[in-house]
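In our numbering, the protein residues as written are 5 to 688. Backbone N, C-alpha and C fix where the C-beta goes; we use that ideal spot for every residue, glycine too. The structure appears right after this line, and notes come after that.
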């Protein structure tokens with residue numbers, strides 16, 4: 005357990021070790037007005053940038069709150085050990101050549117372990133990282149240039165990648181950056197630990213994470229809970245969707261990327277937003293900085309062009325955001341402000357009849373903002389400042405500001421092309437509480453993410469995630485009959501049936517069950533391909549004939565009552581994710597598994613509300629609700645069946661290696677569901 009990160013990230017004294025990089029750290033602190041002590045340490049230099057050099061940690065006037073260690077990897081370990089012994093507050097380990105380089109340097113892993121051991125309970129960042137920038141206090145353990153300015157409050161952006169951090173620092177979007185922190189290899193202190201530390205700073209409004217690999221599931225869950233308690237949203241850009249990205253992640257950060265779909269489910273459970281690009285991350289942080297999570301997915305859009313209105317409408321098709329219809333009381337004020345030739349709708353093209361008229365624009369914008377939308381967007385692309393006159397665009401900005409202040413509504417101005425929003429304009433809008441969105445896609449991504457966080461925060465806090473150590477024994481596959489009996493003990497409906505050894509016994513069981521029946525060969529991995537499944541057998545003789553035909557491949561037989569025609573077939577499966585542990589998958593089953601790629605992931609433990617929501621989001625939900633006159637499926641029974649499968653996995657979490665129930669046959673409403681096939685692989 006490491007000590008608090010407070011001294012490290014909000015230092016009053018800084019020690020720097022090394023030559024060129026250490027000098028740059030001193031330079032950046034001076035530039036940004038750091039008022040604390042700075043102590044350079046160098047074996048031969050007398051001074052660095054006008055400050056006296058000390059020869060060693062022991063010679064320092066006191067234990068530094070933060071240290072930048074910019075020396076080679078071997079010497080880094082020695083200095084970290086001395087700092088820990090001196091009671092220092094923490095250190096940035098700049099050197100590379102540790103676990104991230106293990107394929108090139110055989111001792112990289114051993115050196116990283118030695119570094120962590122040398123630090124003890126003293127916090128360290130890295131190795132293989134630039135450090136951090138604290139623009140609230142002007143404290144920069146950062147050996148390079150950057151594009152940031154001092155702020156009184158703002159967002160924190162955290163990343164494993166120092167180059168990504170450099171890029172973010174150069175943004176010209178009006179986003180106030182309070183902190184930029186890098187974690188490098190996360191040898192001891194991970195991104196989530198850092199995020200929890202900056203959340204506690206009252207001057208931080210929101211946190212953005214660029215994640216290549218989760219440091220630990222426990223710290224991620226702690227981050228989600230603390231963000232919710234403090235009402236400070238967290239949003240992530242989680243990379244690793246592609247196989248190439250996952251390979252790059254392993255080689256670059258020595259972190260486990262995990263399954264991407266599981267990552268999304270995990271973040272959603274914890275109320276942590278997820279975006280897909282760096283611009284989306286920055287635009288979302290602007291919205292969260294000013295207004296926090298949104299109250300709903302309802303948004304409005306206004307523009308002075310039908311083309312822009314169409315772009316907004318089309319971009320919303322793939323989003324959860326909703327252009328809700330106007331309320332009746334909005335229509336007349338809009339008609340009076342805009343004239344008879346404007347079609348009153350959402351998105352709204354207000355034409356150019358009120359262009360340049362601040363009062364009329366304010367009246368129109370106010371009418372729209374009185375519609376109870378969570379976010380009101382006005383599309384406005386600015387002319388080039390070096391060649392054109394932007395006076396009328398500035399008038400529109402002030403009309404939006406006036407309307408927002410009059411109504412208390414959340415509003416944003418959207419430049420359809422990011423480069424068409426001048427930084428000076430973005431800063432002015434931020435100062436007046438208006439979000440300056442750079443890009444239509446980015447604006448809608450921000451709205452969707454902020455609304456998703458808001459919706460999650462409205463729900464009860466979820467139970468703690470299921471975290472168990474997996475058994476390491478050899479995997480054992482249960483027979484289908486054994487698997488079904490194990491699941492039935494947790495309430496999963498399975499067909500009435502019996503397992504037998506001989507063809508004659510199979511025939512006798514079939515008679516006792518009543519026809520029609522299904523006959524399956526036991527001990528066969530792929531029954532259909534091997535001819536080890538026969539459906540709708542109507543007589544004793546048919547069962548005997550089918551059983552004798554399977555005798556060469558089957559070790560026994562399973563005889564079951566035939567299930568009626570289902571409304572839909574679904575699959576429920578479980579897998580052990582390397583990061584999140586056991587998770588449940590539900591989706592279109594039977595022959596549609598690969599065809600539709602229609603599935604949702606549930607982290608565990610789960611509940612019936614989450615299961616029902618996951619089912620409703622599937623493409624196959626249309627069949628379940630009664631598609632084109634067909635009967636509706638028994639969704640309540642399906643929800644209960646999935647809950648039974650989840651109960652089995654939770655109860656056997658340490659030994660379940662794989663679960664596959666395919667298909668669960670959903671019968672018409674009131675007639676239940678039946679698990680027609682099941683596979684369970686356990687580690688004993």
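query: If we count the other Cβ atoms within 10 Å of its Cβ and call it buried at 16 or more, is residue 3 buried or exposed?
result: Outside the displayed range of the chain (5 to 688) lies residue 3, so it cannot be described from this structure.
message: Quick check on the DSSP output: the alpha helix (DSSP H) that includes residue 465 runs from which residue to which?
response: Counting along the chain, residue 465 falls outside any alpha helix (DSSP H), and DSSP gives it neither H nor E.
field: Boundaries (first-last residue) of the beta strand (DSSP E) holding residue 380
entry: 379 to 383
Contacts around residue 491, its chain only, beta-carbon distance under 8 Å, and the 5 residues preceding and following it disregarded: 498, 648, 649, 652, 665, 679, 682, 684
- prompt: Using a Cβ-Cβ distance under 8 Å, would residue 228 count as near chain B?
  reply: This model lacks chain B altogether; it includes just one protein chain.
- request: Evaluate contact between the segment 194 to 202 and the segment 166 to 177, counting only Cβ atoms and requiring at least three cross-stretch pairs below 8 Å.
  value: no
- prompt: In whole angstroms, what is the alpha-carbon distance linking residue 397 and residue 644?
  reply: 57 Å
- prompt: Are there 16 or more other CB atoms within 10 angstroms of the CB of residue 334, so buried, or fewer, so exposed?
  reply: buried
Under the three-state DSSP convention, the category residue 682 falls into: strand
field: Residues of its chain near residue 247, where Cβ-Cβ distance is below 6 Å and the 5 sequence neighbours each way are ignored
entry: In this prediction, residue 247 has a pLDDT of 46, which is less than 50 and means its spatial position is unreliable; what the coordinates show is noted afterwards. For residue 247, where only same-chain residues beyond five positions count, there are no Cβ hits under 6 Å.
query: So the alpha helix (DSSP H) residue 317 belongs to, where does it begin and stop?
result: 310 to 319
- prompt: So, do the segment 577 to 585 and the segment 434 to 446 have three or more beta carbon pairs nearer to each other than 8 Å?
  reply: no
field: Cβ-Cβ distance between residue 279 and residue 453 below 8 Å
entry: yes
message: For residue 2 and residue 545, I'd like the C-alpha separation in whole angstroms.
response: Beyond the ends of the chain as shown, which are 5 and 688, falls residue 2; an answer cannot be given.
message: For residue 51, which residues in the same chain have their Cβ closer than 8 Å to its Cβ, ignoring the five residues on either side in sequence?
response: 44, 57
field: Residues of its chain near residue 676, where Cβ-Cβ distance is below 7 Å and the 5 sequence neighbours each way are ignored
entry: 497, 638, 641
- prompt: Going by DSSP, what residues sit across from residue 242 in a beta bridge?
  reply: 215
- prompt: With distances taken from CA atoms, which of 564, 270, 526, 377 is nearest residue 554?
  reply: 526
- request: Count the other CB atoms, across all protein chains shown, that sit within 10 Å of the CB of residue 324; report buried if there are 16 or more and exposed otherwise.
  value: exposed
field: Proximity below 8 Å, CB of residue 212 to CB of residue 129
entry: no
Residue 8 versus residue 124 - alpha carbon distance: 13 Å
message: If you follow the beta strand (DSSP E) that residue 71 is in, where does it begin and where does it stop?
response: 70 to 74
- prompt: In the DSSP assignment, what residue or residues form a beta bridge with residue 525?
  reply: 561
message: So, at 6 Å on beta carbons, what are the nonlocal neighbours of residue 507 in its own chain, with the 5 sequence-adjacent residues on each side left out?
response: 548, 551, 552
field: Under the three-state DSSP convention, the category residue 97 falls into
entry: strand
- prompt: Is residue 670 buried or exposed, if buried means 16 or more other CB atoms sit within 10 Å of its CB?
  reply: buried
task: Take the Cβ of residue 36 as the centre, count every other Cβ of all protein chains shown within 10 Å, and call the residue buried at 16 or more, exposed below.
output: buried
task: With a cut-off of 8 Å on the beta carbons, I'd call residue 500 and residue 565 a contact; round off their distance for me.
output: 5 Å
Helix, strand or coil at residue 473 according to DSSP, with G and I counted as helix: coil
- prompt: Under a three-way DSSP split, which group does residue 652 fall into?
  reply: helix
- prompt: Taking the Cβ atom as the reference point for each residue, do residue 26 and residue 74 lie within a distance shorter than 8 Å?
  reply: yes
task: Answer yes or no: do residue 609 and residue 557 have a C-beta to C-beta separation smaller than 8 Å?
output: no
- prompt: Do you know whose CA, among 179, 87, 94, 149, lies nearest residue 433's CA?
  reply: 179
N-terminal and C-terminal residue of the beta strand (DSSP E) that residue 3 is part of: As shown, the chain starts at 5 and ends at 688. That puts residue 3 outside it, with no answer to give.
query: To the nearest angstrom, how far is it from the Cα of residue 255 to the Cα of residue 186?
result: Note that residue 255 scores 30 on pLDDT, short of 50, meaning its location in the model is unreliable; the coordinates nonetheless yield the value given after this. Between residue 255 and residue 186, the C-alpha separation is close to 17 Å.
Whether residue 77 touches residue 110 by CB criterion (8 Å): no
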